[in-house]
Every structure is written in C-alpha cells, then in structure tokens.
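Chemist: This is the structure, below, for whatever I ask next.
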Amino acid sequence: MRHDGRDYLTTAQVARALGIKPASVYAYVSRGQLESVRIAGIRGSLFAVGEVEALRRRTQQRPPAGVVERIRTEITLLADDRLHYRGHDATELAFTADFLEVVDLLWGTTTTGSDCPAAQAAVTLPTLPGAGRRLDRIRVTVDLLGAADGSRGSIGADDVAHKARGVIDAVVDTLPMVAETGAGSTVAQRLWCRLSPMAPTAPRIRLLNAALILLADHDLAAGTVAARVAASARGSIYAVISAGLGAFDGPLHGGATTLAYDFLASVLADADGPQHRVAEYLRGHDLPPGCGHIVYRTHDPRADALLRGLEAEGGRRDVLAAVEAVRAGVTGRPRGFVNSDLALAAFTLRYRMVPDAAETIFAIARIAGWVAHAIEEYRAPRLRFRPEGVYTGVRPAT
C-alpha cells in the first residue's frame, strides 16, 4: 500500500491521543476496535485518524477497560465499625423495630400483605428430598414464584416491593415445620417454628427478629453485587434474588455461617473443654470460622448486638462460654474478633435449631437488602457493569 501517511497516526501518536500505553493500542487492535495498516516507506503500524477519533469519543463516555463502575448508594453505610441503614444505626433498629418495618426503610416503600401465589410453590416443594437444605428450598421457591408471575418483568418500585414482599412470605411459609405449634403473624414468629423445637417465647422471637434486621444488608457483599448486576441487565426481581442466592450459596458467603456452626458445635462437644478445642484449632490456623472480617477492623457490631441479646435472655451458659473461649483465643491476632457468623451460630445452637438454621436466617434476611439494591439499580443506567477482559490466551494465527 502506498500513501503519504498524512491521514494516519503512528502507534505512539495513538497512545498519546487516547492516554494509554503503546502496548494497549494493540489490545484495541486484537479486539477489533482499531485496524492497523502498513504504508510503504513508513516504519511500523499506522492507524486511520478517523478510527482513532471515533474510538476516543467512545472511550471518553465510559470508564477505562477493566474498571468496574463505582456504585453510589443511599442504602447502607459501613464506617468506623458501625452499620447504618439509611442513616439509622442497625444495632438500635434490631431491638426497636420489626423486620418488615426495616424492610420498608431499606426499600423506601410501604408494603402490605401480598397475594403472591405461594401456594403454587408449595405444591411442588414437597417433592424435594426431606433432608435437603433449606437454602435449596428457598431458591426453588423463588424460581417457581417467578415462573408463575406473568407480570414479573415490571420493575417499578411499588411493583417490585409488592412482589418481593410475597417472596419473603413464601420462602418462610414453604419451609418444613419443626414444631407444630407457636406460629404467629410476624416473619420471626412464622420462621421460629420452622427452625426450632423450643417454645417461641417473646424474648426468643425478639432475638430472631433482631438477627433478621442485623443481617438484612451489608453494602456491596458478593451476593449484593450479583443482584445489582442482574438488576442492571433489567432482570426481574425474582431473577435478582436468584442471582443473589447464587453468589450467597458458597462457603465464603452464606455457607460461612455453617462453617461457624460446625466449629462452635465442636467447641461445645470437646470433652476437655472449649479452651482446649480452640487452642487445638489455632495451632494450625490464623483464625477459626466465625472470626475476623474483611470490612471491620476491631469488632463486628452485628455480632456484638446479637451476643448481648443472648446474654440478656439467659439460658444455656455453655454456648456463651464457648463463644468467650473463641473470643479469648483470637484476641491479639490481626482481625481477632468474633463476627456475625459465629454470633448467629451461637444463637441457633442456644435454641437447638436445625443445623442449617443460621444459613437460612441469613438468606431470608439478605433478600431484603438485595431488593433494596435492585430498586436503586433499576433507576441507574442499564448494563453499566461491563468490564473488559485482558486476554492472556493463545493469540490467533496471522
């Protein structure tokens, strides 16, 4: 090809025009966003000015490749080892409000009882294995409700809140009963008899309600990011909740409560006492399950609030003694404090709840947060989560 080169830029010139490194110019070439040419008498690759200008305009309208959108949110503030929902201290709300009142606060709406077709989900759910995880039943329930809702694509805030309230009602009511008596009207009352064989006294219900509130949202945890990505793609609220549950269902998120439960149960069962089991574990590990946190520096306010509630309610002292043994064992280590996973495990052990009760409580609570983030995300630009991969595989033959 012969040309005087006046309508073309060199690699260095393109890099300066786009504000990138010369090597990054060829990344655009490999993705088909720039075309390089060779011109007789001019060394190196050249690029048409028009193409470069068009690319510059496109890249100025969005973050650089690989950068994930910064998410501005009015829902939850995590700062100075404190947790606030829309300006309200979550640890205070936990013992002064009902879970559904906090749901309304998070969603920015006022919800009432729903007419969600929970019965349709209940028809199918008994075919699941009786010993299956409650989290699996929750996930199937959400999918069935979405399939049964002909208007599931509506993403107006009021419609979303109405549908989501129906989801919360359904995932509670389709769980198998553990005790046949004691069901009530609040979420905590209806959930209690599906997790614990013990009598649902008012103090116990208050603690379960507090746990639901304390775990309702936690800013941009993995499940919440997954939920917001689904909402950004304008998935239905059922799809959003399913996306959140998908990320939640793993040992580093929702499953962390089960690991904490298993560890605390082993501390309680040690014939040589709780201190022995804790010391034995710490000989080979930095921290046991249910300790430390990536966000908090010195303490987890959710754990502190729930454990204070357990202490005030009284009852089995061995569970709290086991927690204190864990706390004493990790004190002085980096991030050496108990977190909400261990506190929730202590709560479920204290009241002889089913082994996956902690994970179940966590999942139901966090649905509230995912819905709040979905309502917020539905108002944001669509498909804004689009980082670009940096290809490191085999290059195609030229």
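Residue numbers (numbering that gives the first Met the number 0): 0 to 397.
C-beta atoms are modelled at their ideal positions from N, C-alpha and C, and glycine is treated no differently.
(1) On a CA-only basis, which of W369, R296, G289 and R316 is nearest A357? Give me that one, please.
(2) Take P250 and list the residues in its own chain whose beta-carbon comes closer than 7 Å to its own, dropping the five residues that flank it on each side.
(3) Looking at the structure shown, is A78 part of a helix, part of a strand, or coil, going by DSSP?
(4) Please report the straight-line C-alpha distance between R334 and Y295, rounded to a whole angstrom.
(5) Report yes or no: do the stretch 304–324 and the stretch 273–285 share at least 3 C-beta pairs separated by less than 8 Å?
(6) Taking the CB atoms as reference points, tell me whether L267 and A321 lie closer together than 8 Å.
(7) Roughly how many angstroms separate the alpha carbons of L348 and R30, rounded to a whole number?
(8) Is it buried or exposed, G388, if we count other Cβ atoms within 10 angstroms and call 16 or more buried?
(9) Give me the Cα-Cα distance between R330 and L306, rounded to the nearest whole angstrom.
(10) Have a look at A156 and Y25 and give me their C-alpha separation to the nearest angstrom.
(11) Just checking, does the stretch 37–47 make contact with the stretch 6–25 on the three C-beta pairs under 8 Å criterion?
(12) Once DSSP output is grouped into helix, strand and coil, what is the label at Y390?
(13) I'd like the ranges of any alpha helix (DSSP H) spanning at least 4 consecutive residues and lying wholly in the stretch 235–317.
(14) Identify, in the order they occur along the chain, each residue of the same chain with its Cβ nearer than 7 Å to the Cβ of A362, setting aside the five sequence neighbours on each side.
(15) S339: buried (16+ other C-beta within 10 angstroms of its C-beta) or exposed?
(16) Just to check my reading of the structure: I240 and W369 have Cβ atoms closer than 8 Å, yes? What is that Cβ distance to the nearest angstrom?
(17) Since L17 and R57 are thought to touch, with beta carbons under 8 Å apart, how far apart are those beta carbons, to the nearest angstrom?
(18) With a threshold of 16 other CB atoms inside 10 Å of the CB of R381, please say whether the residue is buried or exposed.
(19) Are A169 and L263 closer than 8 Å when you measure CB to CB?
(20) What would DSSP say about D6, mapped onto helix, strand or coil?
(21) For the alpha helix (DSSP H) containing L105, list its first residue and its last residue.
(22) Using the C-alpha atoms, what's the distance from A96 back to A175?
(23) Consider the C-beta atom of A345 and the heavy atoms of the ligand GTP; say whether any pair is separated by less than 7 Å.
(24) Look at the alpha carbon of M352 and the alpha carbon of A78, and state the distance between them as a whole number of angstroms.
(25) Within 10 angstroms of its Cβ, does Y390 collect 16 or more other Cβ (buried), or is it exposed?
(26) Between which residues of its own chain and R332 is the CB-CB distance below 7 Å, once the five residues before and five after are set aside?
(27) Where do the N-terminal and C-terminal ends of the beta strand (DSSP E) with A415 fall, by residue?
(28) Can you tell me where the alpha helix (DSSP H) holding L144 begins and where it ends?
(29) Taking just the CA atoms, how far does A242 sit from E375?
(30) Out of I236, L99 and A215, which one is the CA nearest neighbour of G152?
(31) Return helix, strand or coil for Y27, following the three-state DSSP convention.
(32) The alpha helix (DSSP H) that contains G368, what's its start and end?
(33) Are the beta-carbon atoms of A215 and A229 separated by less than 8 Å?
Modeler: From the atom records:
(1) Closest by alpha carbon: G289.
(2) L258.
(3) Three-state result, A78: strand.
(4) Rounded to the nearest whole angstrom, the C-alpha separation of R334 and Y295 is 8 Å.
(5) Yes: at least three Cβ pairs fall under 8 Å.
(6) Contact: yes.
(7) Here the alpha carbons of R30 and L348 stand approximately 54 Å from one another.
(8) Flag for G388 reads exposed.
(9) Sequence check: residue 330 is Thr here, not Arg. Each residue's Cα considered, the two are about 17 Å apart.
(10) Spanning the two alpha carbons is a distance of roughly 44 Å.
(11) Of all C-beta pairs linking the stretch 37–47 to the stretch 6–25, three or more are shorter than 8 Å, placing the two stretches in contact.
(12) Residue state, collapsed to three classes: coil.
(13) As far as the stretch 235–317 is concerned, its whole alpha helix (DSSP H) runs of at least 4 residues are 236–247, 255–268, 273–281 and 300–312.
(14) Within the same chain, and ignoring the five residues on either side of A362 in sequence, the residues whose Cβ sits closer than 7 Å to its Cβ are L134, I137, L244, F247 and G253.
(15) Answer is buried; the Cβ neighbour count reaches 16.
(16) That belief holds up - the Cβ atoms of I240 and W369 are roughly 6 Å apart, short of 8 Å.
(17) That belief does not hold up - the Cβ atoms of L17 and R57 are roughly 10 Å apart, past 8 Å.
(18) By the neighbour-count rule (16 or more Cβ atoms within 10 Å), R381 is not buried but exposed.
(19) No, the pair does not count as a contact, with Cβ atoms beyond the cut-off.
(20) Note: D6 maps to coil in three-state DSSP.
(21) It spans F98 to W106 - the alpha helix (DSSP H) in which L105 sits, taken as one unbroken run.
(22) Checking the displayed sequence, the identity of residue 175 turns out to be Pro instead of Ala. So the alpha carbons of these two residues sit roughly 27 Å apart.
(23) With respect to the ligand GTP, the structure offers nothing, as it holds no ligand at all.
(24) Going by the C-alpha atoms only, they are around 33 Å apart.
(25) Classification of Y390: exposed, given that the 10 Å Cβ count is below 16.
(26) Once the five neighbours on either side are set aside, the close Cβ partners of R332 are D285 and L286.
(27) Because residue 415 is not part of the residues shown, which for the chain are 0 to 397, the question remains open.
(28) Start and end: R133 to A147.
(29) Straight-line measurement puts the Cα of A242 at about 16 Å from the Cα of E375.
(30) Among I236, L99 and A215, the Cα nearest to that of G152 belongs to I236.
(31) If DSSP states are grouped into helix, strand and coil, Y27 belongs with the helices.
(32) It spans A356 to E376 - the alpha helix (DSSP H) in which G368 sits, taken as one unbroken run.
(33) Contact flag unset, no.
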